[in-house]
Amino acid sequence: MREGVEERHDRLLNLVRERGSVRVADLAGLLGVSAVTARRDAEALAGRGLLDRVHGAVSWPERNGPAGTGPGAGSPVLGMLAPAAGYYFADIIRGAHEAAARLGARLVLRVSDYRPEDDAAHAAGLLAAGARGLLLIPSWTRPEHQARYTEWIARLSVPTVLVERRGDPAGPLDALDRVGSDHAHGVLVGLRHLARLGHRSPVLVARTDSPTAEAVRAGYRRAVEILGLEPGLPVLDSAPEKPGTGSPAASVDALARLVREGRTTAVLAHNDEDATRLVRDLADRGVRVPGDLALVTYDDEVAALAETPLTAVAPPKRAVGRVAVGLLAERIAEAGGGPEPRPGSVSGSVSGSVEGEPRRHVELLPRLRVRESCGGAPLR
Numbered sequence: 001m002r003e004g005v006e007e008r009h010d011r012l013l014n015l016v017r018e019r020g021s022v023r024v025a026d027l028a029g030l031l032g033v034s035a036v037t038a039r040r041d042a043e044a045l046a047g048r049g050l051l052d053r054v055h056g057a058v059s060w061p062e063r064n065g066p067a068g069t070g071p072g073a074g075s076p077v078l079g080m081l082a083p084a085a086g087y088y089f090a091d092i093i094r095g096a097h098e099a100a101a102r103l104g105a106r107l108v109l110r111v112s113d114y115r116p117e118d119d120a121a122h123a124a125g126l127l128a129a130g131a132r133g134l135l136l137i138p139s140w141t142r143p144e145h146q147a148r149y150t151e152w153i154a155r156l157s158v159p160t161v162l163v164e165r166r167g168d169p170a171g172p173l174d175a176l177d178r179v180g181s182d183h184a185h186g187v188l189v190g191l192r193h194l195a196r197l198g199h200r201s202p203v204l205v206a207r208t209d210s211p212t213a214e215a216v217r218a219g220y221r222r223a224v225e226i227l228g229l230e231p232g233l234p235v236l237d238s239a240p241e242k243p244g245t246g247s248p249a250a251s252v253d254a255l256a257r258l259v260r261e262g263r264t265t266a267v268l269a270h271n272d273e274d275a276t277r278l279v280r281d282l283a284d285r286g287v288r289v290p291g292d293l294a295l296v297t298y299d300d301e302v303a304a305l306a307e308t309p310l311t312a313v314a315p316p317k318r319a320v321g322r323v324a325v326g327l328l329a330e331r332i333a334e335a336g337g338g339p340e341p342r343p344g345s346v347s348g349s350v351s352g353s354v355e356g357e358p359r360r361h362v363e364l365l366p367r368l369r370v371r372e373s374c375g376g377a378p379l380r
């Protein structure tokens, strides 16, 4: 399998960390790539502050921890548990890995495949691998999962940061540090864009099988009220009835009927894969996007690749991973067990670690990326 840019960057960072300094002219041979690629990679990593450029060489920054050790020899280990390594979570993992490299730490990942009953065992494996702290994205897919699979998290004895997950306000996890996207704000941004185009009755088509989906649904109700949009429209389910199939026929039929009756001219869809299926299935029923229906999707993973590029709300996934690592590093440093971040370098909110510092709930704001699926004006 062809090596990706991130993997090549990892090798370069590990090489420089082990040696302390490497001449740019020697990188191509050491990495087995062209001179142009080696120079471009070195410049990219230096530009991100992960390496220093000095007199034709790249060196390991003192601020990132001691040089002379490989990622498994003396580097502090940060554990990360995620339900999957692809789609939404891929960028979160990349951001976390990038921030860990900047700190001179090693990120160890375990993937639970959406099996919440296995989360505790995976976390134990990360601790056995030497993790000094944990970034946790529990595999909750139903509302009852948090209550059923919470106790083991509350008992953890190492610094822990929830990522893209919220503890129940009535439960013990609400007192944990957490970093995530403000999905309610993201939904508000998407619906405000539609409202400014004149669409006063946008329908939500969304899943029900993840905390993000629940947050999108709650954010929709709040945004409709804030923006003074038409209330009472049905919220439709976007989850396919079977993997690999189209949108639920009942939801597509209901949305097409609302369009034909003139009750809606716009839709917010969660997520990108379901949105692209929805566009196709609506076309089979004679409803065109954006001609008959403006569409905003939520996630922005593959929205730009649709036949009609989709306007999308983009949660700041990569930044979530970076900030989560920065916060975890601060907590580990407070406990005297790991790397302390440079002031303002990763978490962006605290310049040091202070004993007894209060826990934090950090929410980063999604952005809107406007493309072609909303057209210029609503259907009249």
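Per this note's numbering, residue 1 is the first one in the sequence shown, and the count goes up by one each step. Don't be surprised by glycine CBs; every beta carbon is placed ideally from N, CA and C.
Secondary structure of residue i, DSSP reduced to three states
i: residue 237; result: strand
i: residue 49; result: coil
i: residue 133; result: strand
i: residue 110; result: strand
i: residue 227; result: helix
i: residue 70; result: Confidence in residue 70 is poor, its pLDDT being 49 and thus under 50, which makes the residue's placement unreliable; the coordinate value appears in the next sentence. Looking at residue 70 - three-state DSSP - the assignment turns out to be coil, as it is neither helix nor strand.
i: residue 81; result: strand
i: residue 401; result: For the chain, the structure presents residues 1 to 380; residue 401 sits outside this window and is missing.
i: residue 279; result: helix
i: residue 122; result: helix
i: residue 9; result: helix
i: residue 220; result: helix
i: residue 145; result: helix
i: residue 251; result: helix
i: residue 16; result: helix
i: residue 287; result: coil
i: residue 292; result: coil
i: residue 1; result: Note that residue 1 has pLDDT 44, beneath the 50 cutoff, so the model's placement of it is unreliable and the number below is only indicative. Note: residue 1 maps to coil in three-state DSSP.
i: residue 169; result: coil
i: residue 307; result: coil
i: residue 150; result: coil
i: residue 105; result: coil
i: residue 36; result: helix
i: residue 214; result: helix
i: residue 357; result: coil
i: residue 76; result: coil
Anticipated Cβ contact below 8 angstroms, residue i with residue j, distance rounded
i: residue 171; j: residue 150; result: 6 angstroms
i: residue 303; j: residue 294; result: Not confirmed; about 14 angstroms, so no contact.
i: residue 46; j: residue 52; result: 7 angstroms
i: residue 268; j: residue 358; result: So it is not a contact: roughly 35 angstroms between Cβ atoms.
i: residue 24; j: residue 56; result: 6 angstroms
i: residue 365; j: residue 183; result: So it is not a contact: roughly 10 angstroms between Cβ atoms.
i: residue 381; j: residue 235; result: Because the chain here runs from 1 to 380, residue 381 falls outside it and cannot be looked at.
i: residue 266; j: residue 238; result: Actually they do not touch by this definition, with Cβ atoms about 15 angstroms apart.
i: residue 213; j: residue 191; result: That belief does not hold up - the Cβ atoms of residue 213 and residue 191 are roughly 16 angstroms apart, past 8 angstroms.
i: residue 15; j: residue 41; result: The Cβ separation is near 11 angstroms, so there is no contact.
i: residue 76; j: residue 181; result: Wrong, their Cβ atoms sit about 27 angstroms apart, outside the cutoff.
i: residue 292; j: residue 259; result: 6 angstroms
i: residue 407; j: residue 195; result: There is no way to answer for residue 407, as the model of the chain reaches only from 1 to 380.
Whether residue i touches residue j by CB criterion (7 angstroms)
i: residue 324; j: residue 216; result: no
i: residue 361; j: residue 132; result: no
i: residue 106; j: residue 126; result: no
i: residue 200; j: residue 230; result: yes
i: residue 129; j: residue 158; result: no
i: residue 219; j: residue 187; result: yes
i: residue 82; j: residue 137; result: yes
i: residue 97; j: residue 116; result: no
i: residue 383; j: residue 86; result: With the chain covering 1 to 380 only, the question about residue 383 has no answer from this structure.
i: residue 252; j: residue 373; result: no
i: residue 329; j: residue 103; result: yes
i: residue 79; j: residue 134; result: yes
i: residue 283; j: residue 310; result: no
i: residue 211; j: residue 165; result: yes
i: residue 60; j: residue 8; result: no
i: residue 31; j: residue 193; result: no
i: residue 320; j: residue 93; result: no
i: residue 27; j: residue 161; result: no
Residue i - partner residues in DSSP beta bridges
i: residue 177; result: 161
i: residue 312; result: 297, 369
i: residue 23; result: 57
Span of the beta strand (DSSP E) around residue i
i: residue 55; result: Element bounds for residue 55: n/a, residue is neither H nor E.
i: residue 363; result: 361-364
i: residue 156; result: Residue 156 -> no beta strand (DSSP E), and no H or E assigned at all.
i: residue 269; result: 266-270
Start and end residues, alpha helix (DSSP H) containing residue i
i: residue 187; result: 183-196
i: residue 88; result: 88-102
i: residue 333; result: 317-334
Near the ligand SAH: residue i beta-carbon under 6 angstroms from a heavy atom
i: residue 230; result: The model on display carries no ligand, and the ligand SAH is accordingly not part of it.
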